[in-house]
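One structure below.
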Amino acid sequence: MFKDLEDFIKPGSEEDLLVKQLDLSRLPRHVAIIMDGNGRWAKKRKLPRIEGHRVGSKSVREVIETCARLRIEFLTLYAFSKENWKRPKKEVATLWRLLEEYLKKEDKVLVKNQFRLKVIGEIGDIPLSVRKELVRVEELTKNNKRLTLVLALNYGGRDEIVDAVKNILKEKDMDINTLDEDKFSRYLYTAQFPDPDLLIRTSGEFRVSNFLLWQIAYSEIWITEVFWPDFRKKQLLQALVDYQKRERRFGDIHPPEDHA
Ligand code: IPE
Ligand code: IPE
Ligand code: MG
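Those letters in the sequence shown? Residues 4 to 263, per our numbering, in order.
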């Protein structure tokens, strides 16, 4: 077991049994999560939706820490979609406030643990005070080498593709015949990150809700009924165990030796 996991996973616990099933040398490089079900979690407990978001931020902390201890390199969290502006003003304001509080409080933790924060999405339309915090923490953590935490904020996958096309059209010197997938992907918000190997969605919904449309072409998808506020290290470890049982063929046949 990684030394980092020793004081984090209780011996003999369910988590411990899951870690023992993992091949730590074959973990995904990049995990992306659609964190869903905060509202339903709260409703089930007759609490305001906002309470679901508040407890959901504890899941965020635990999942970040687990990924870092496992030495997963990239974790992308879908925290606010372009479509989420349709929600009641008060809920939208609370979501941004929780994020601002998180950044103000957790910045030291991010620095101490060598995490690097990156934001993807339409940053310009995020409330100014939150934007300032995001820029500050991105700057503060930019040289960190451990886990890269990518927050998708005011993010829309279709929008990202349209933005990429607009930027390509601005390139006076580009010979359009040279444009291929690889070059195109360098115009996406995610240009510096590998594609997600594993995409997790909580709360039992079977859809991608405009998340990383281009990048998840070959991601393994794992869906759990568990609502986001209940998603902790156990569920993440289960997703990783299941991921390692999948055979990623990328259109090829397996085993490769079967090629005549
Ligand atoms: C996810 O939980 C949080 C965000 C989308 C910001 P929801 O708020 O969507 O919770 P449900 O889907 O209504 O239960
Ligand atoms: C997706 O969840 C967006 C985030 C997790 C930020 P939603 O709750 O907004 O998605 P839909 O509306 O159920 O598709
Ligand atoms: Mg939802």
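Positions of the beta carbon are idealized from the N, C-alpha and C atoms, including for glycine.
Every value quoted in this text rests on a predicted model; they were computed, and no experiment measured them.
Asked	Found
Let's see if you can read the secondary structure: which residues bound the alpha helix (DSSP H) around S62?	R52 to L73
Distance check for K115 and L27, CA to CA, integer angstroms please.	24 Å
Could you check whether the Cβ of A96 sits closer than 8 Å to any heavy atom belonging to ligand 1?	no
Using 9 Å as the threshold, is the C-beta distance between I123 and V153 below it?	yes
Are L101 and R57 closer than 9 Å when you measure CB to CB?	yes
Is it right to say F196 is buried, meaning 16 or more other beta carbons lie within 10 angstroms of its own, or is it exposed?	buried
Using beta-carbon positions only, say whether R119 and K145 come within less than 9 Å of one another.	yes
Can you find a heavy atom of ligand 2 that lies under 8 Å from the Cβ of F83?	yes
Within 10 angstroms of the Cβ of L50, are there 16 or more other Cβ atoms? Answer buried if so, exposed if not.	exposed
What span of residues does the beta strand (DSSP E) with V122 cover, start to end?	R119 to I123
Are the CB atoms of G40 and E86 nearer to each other than 9 Å?	no
Could I get the ranges of all uninterrupted alpha helix (DSSP H) runs contained in the stretch 71 to 147, with 4 residues as the minimum, in chain order?	92 to 115 and 131 to 144
Buried or exposed: which applies to F234, given that a residue is buried once 16 or more other Cβ atoms fall within 10 Å of its Cβ?	buried
Go to A194, then tell me how far its beta strand (DSSP E) extends in each direction, as first and last residue.	No beta strand (DSSP E) holds A194; DSSP gives it neither H nor E.
Taking buried to mean at least 16 other C-beta atoms within 10 Å of its own C-beta, is D200 buried or exposed?	buried
If you follow the beta strand (DSSP E) that W225 is in, where does it begin and where does it stop?	E223 to I226
Can you tell me where the beta strand (DSSP E) holding L288 begins and where it ends?	This structure gives no information on residue 288, because the portion of the chain shown stretches from 4 to 263.
Going by beta-carbon coordinates alone, are I3 and I36 separated by less than 9 Å?	In the structure as shown, the chain starts at 4 and stops at 263, and residue 3 therefore has no counterpart that could be examined.
Going by DSSP, what residues sit across from A2 in a beta bridge?	Within the shown structure, residues of the chain are numbered from 4 to 263, placing residue 2 beyond reach of any answer.
Roughly how far, in whole angstroms, is the beta-carbon of L243 from the beta-carbon of L30, given that I think they are within contact range, below 8 Å?	6 Å
What residue range does the alpha helix (DSSP H) around V22 cover?	E17 to Q24
Hey, is Q24's beta-carbon within less than 9 Å of any beta-carbon in chain D?	In summary, chain D is missing from the structure at hand, where a single protein chain is found.
Report yes or no: do three or more beta-carbon pairs, one from the stretch 160 to 177 and one from the stretch 127 to 134, lie closer than 8 Å?	no
Can you name, in chain order, every residue of its own chain whose Cβ lies under 7 Å from the Cβ of A45, other than the five neighbours on each side?	P51, R52, E54 and G55
State the beta-bridge partners of Y158 as determined by DSSP.	S84
Does the beta-carbon of H262 have 16 or more other beta-carbons within 10 angstroms, so that it is buried, or is it exposed?	exposed
Provide the residue span of the alpha helix (DSSP H) that contains E9, from first to last.	K6 to E9
Please classify E223: is it buried, with 16 or more other beta-carbons within 10 angstroms of its beta-carbon, or exposed?	buried
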